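What follows is one structure encoded as structure tokens, with my remarks underneath.
Number of protein chains: 2
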Amino acid sequence: MRLTRAGEYAIRCIMYLSYKGKGKLVSKKEIAAKCAIPTHFLSKIAQELQKAKILEIKQGPRGGFVLTKDPSELTLLEVIEAIIGEIYLNDCIARPEMCEASNICAVHKVWQKARRELRNILNSVTFDKLVKDPKCIPNFDKEI
Amino acid sequence: MRLTRAGEYAIRCIMYLSYKGKGKLVSKKEIAAKCAIPTHFLSKIAQELQKAKILEIKQGPRGGFVLTKDPSELTLLEVIEAIIGEIYLNDCIARPEMCEASNICAVHKVWQKARRELRNILNSVTFDKLVKDPKCIPNFDKEI
DNA sequence: CGGTTTTTAGATATTTTTACTCTTAAATGT
DNA sequence: ACATTTAAGAGTAAAAATATCTAAAAACCG
Ligand code: SF4
Ligand code: SF4
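Chains as they are written, first to last, in my numbering: chain V, 1 to 144; chain E, 1001 to 1144.
Here you go:
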């Protein structure tokens, strides 16, 4: 019950793009270096984020990624679920038909609540707030 | 980011034992049948639950499992973490040294909060309450 | 005591997921 | 045209999940 590496990398990538600002083009190489993400893996992650309309990919020399959403409108939950899919916590929340008891099960109700709370917390945090605290991006300022 | 099958099975097993009552011996075969758990897999799960002092295993004919904790003192969180280990949600919460930014990272703080809330929710539910609602154990009453 | 039943505990096996990596090709600035 | 940069998808290695198998131990029964 933990976030995958791809999810964590996606957050770091968007953190860096948010720090640079919406609409600003940043090269893949730079992001990979600053955020400690394997470059080829970053490609895969960026593709998913593009599908989710969070960023746009520009090819060619001077290519890279551009954040298309305003950091103030973009939450942790959106980025995470773009990569790992919707969070459910337990299988019977995703597919209630897998357990005949799901419509009356007391445990099921706890998972529903837990899921709602977790997603609320992750959805209440926007990237503009995250990057506003300069301390949270200690090595973004360093030269590459 | 979801509970493993072993975790779900553990909850069902303890649900059934709680329904039968603390100190009551129930055979493995019966639990496996009622809770739809592969019998051999149930052995492995029971071993973990015994290590966590939640139940005791009795061998021999008329053997089985006995709940050693009072259902009112036993929470969902205890049972789950006995099987899947402590919940952390993100690697850097389990091992802050894996990311140099962890002591100042704003995202890290969100995960700390999310983890605390999730564990609180799971820890606030005891098994006596779960089994008190007769509807949550629809097929426990059926004959085997 | 000896046989039968029931579970143990560890080894093994299969499948799925994770976490990358490689390769070929496409896009684009100069 | 050509060099640079990324795309897209196939491929792979390792880990985790999900069981299953087997030899043996425990305990009841007659
Ligand atoms: S028993 Fe309850 S919690 Fe478990 S799978 Fe069924 S509905 Fe979900
Ligand atoms: S960047 Fe923040 S959230 Fe991500 S691993 Fe480091 S401390 Fe954790």
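Even for Gly, the Cβ is constructed at its ideal location relative to N, Cα and C.
Note that the coordinates shown come from a computational prediction; the quantities given were computed from them, not determined experimentally.
Excluding sequence positions up to five away, which residues of its chain have a Cβ less than 8 Å from the Cβ of S1102/E? Here the question's residue 1102/E lines up with position 102 in the second sequence. For S1102/E, where only same-chain residues beyond five positions count, the Cβ hits under 8 Å are C1092, P1096, H1108.
Quick one: what's G1064/E bridged to in DSSP? Taking the second sequence and counting its residues from 1, one reaches residue 1064/E at position 64. According to DSSP, G1064/E bridges with K1058/E.
Measure the C-alpha to C-alpha separation of Q47/V and G64/V and round it to an integer number of angstroms. If you number the first sequence from 1, residue 47/V lands on position 47. If you number the first sequence from 1, residue 64/V lands on position 64. Cα-Cα distance, rounded: 12 Å.
According to DSSP, residues forming a beta bridge with T126/V: Within the first sequence, the letter at position 126 stands for residue 126/V. DSSP output for T126/V lists T75/V as bridge partner(s).
If we count Cβ pairs, one from each stretch, closer than 8 Å, do we get three or more for the region 11-28 of chain V versus the region 1027-1035 of chain E? Not touching, per the Cβ criterion.
Own chain residues within Cβ distance below 8 Å of I144/V, not counting five before or after: Against the first sequence, residue 144/V aligns to sequence position 144. Because I144/V carries a pLDDT of 43, less than 50, the predicted location of this residue cannot be relied on, and the following value inherits that uncertainty. E30, A33, K34.
Please state if the CB of L49/V and the CB of L55/V are separated by a distance shorter than 7 Å. Walking along the first sequence from the start, residue 55/V turns up at place 55. Walking along the first sequence from the start, residue 49/V turns up at place 49. A contact, by the Cβ cut-off of 7 Å.
For the region 1066-1084 of chain E, list every residue whose C-beta sits within 7 Å of some C-beta in chain V, in sequence order. L1076, I1084
Determine which residues share a DSSP beta bridge with V1026/E and list them. Counting from 1 along the second sequence, the entry for residue 1026/E is found at position 26. V1026/E is bridged to F1065/E.
DSSP beta-bridge partners for L1089/E? Numbered from 1 along the second sequence, position 89 holds the residue referred to as residue 1089/E. The partner list for L1089/E (beta bridge, DSSP) reads R2/V.
DSSP three-state assignment for I1014/E, whether helix, strand or coil: Along the second sequence, one-based indexing puts residue 1014/E at 14. Reduced to three states, the DSSP call for I1014/E is helix.
Specify the secondary structure class of N1103/E as computed by DSSP and reduced to three states. Start at 1 with the first residue of the second sequence, and residue 1103/E comes out as number 103. Here N1103/E sits in coil by DSSP.
Is S1102/E near ligand 2, with its Cβ less than 6 Å from a heavy atom? To locate residue 1102/E, count along the second sequence from 1; it is residue 102. Yes, since a heavy atom of ligand 2 falls inside the 6 Å radius drawn around the Cβ of S1102/E.
Which of the residues in the region 1086-1104 of chain E, read from start to end, lie with their CB under 7 Å from any CB of chain V? I1087, Y1088, L1089, N1090, D1091, A1101, I1104
Let me check understanding here. Comparing Cα to Cα, which of G1021/E, G1007/E, Y1016/E lies closest to K1044/E? Numbered from 1 along the second sequence, position 44 holds the residue referred to as residue 1044/E. Selected option, being the one with the closest Cα: G1007/E.
Is it buried or exposed for M15/V, if we count other Cβ within 10 angstroms and need 16 for buried? Indexing the first sequence from 1 puts residue 15/V at position 15. Buried, because 16 or more other Cβ atoms sit within 10 Å of the Cβ of M15/V.
Under a three-way DSSP split, which group does A52/V fall into? Residue numbering aside, residue 52/V sits at position 52 when the first sequence is read from its first letter. Note: A52/V maps to coil in three-state DSSP.
Note down, in chain order, all residues in the region 1120-1134 of chain E with a beta-carbon under 7 Å from any beta-carbon belonging to chain V. I1121, L1122, V1125, L1130, D1133
Examine chain E for any beta-carbon lying closer than 7 Å to the beta-carbon of C13/V, and answer yes or no. Along the first sequence, read from residue 1 onward, the residue named residue 13/V stands at position 13. No, because no Cβ of chain E sits closer than 7 Å to the Cβ of C13/V.
Nearest chain V C-beta to R1115/E closer than 7 Å, yes or no? If you number the second sequence from 1, residue 1115/E lands on position 115. Chain V, which has no Cβ nearer than 7 Å to the Cβ of R1115/E, makes this no.
Buried versus exposed call for T75/V [16 or more other C-beta atoms within 10 Å across all chains shown]: Counted from its first residue, the first sequence places residue 75/V at position 75. In this structure T75/V is buried. Its beta-carbon is surrounded by 16 or more other beta-carbon atoms within 10 angstroms.
Which of the residues in the region 36-67 of chain V, read from start to end, lie with their CB under 9 Å from any CB of chain E? Cβ contacts with chain E come from A36.
Is V107/V near ligand 1 - that is, is its Cβ less than 6 Å away from at least one heavy atom of it? As a first step, residue 107/V is located in the first sequence; it is residue number 107 there, counting from the start. Yes, Cβ of V107/V sits closer than 6 Å to a heavy atom of ligand 1.
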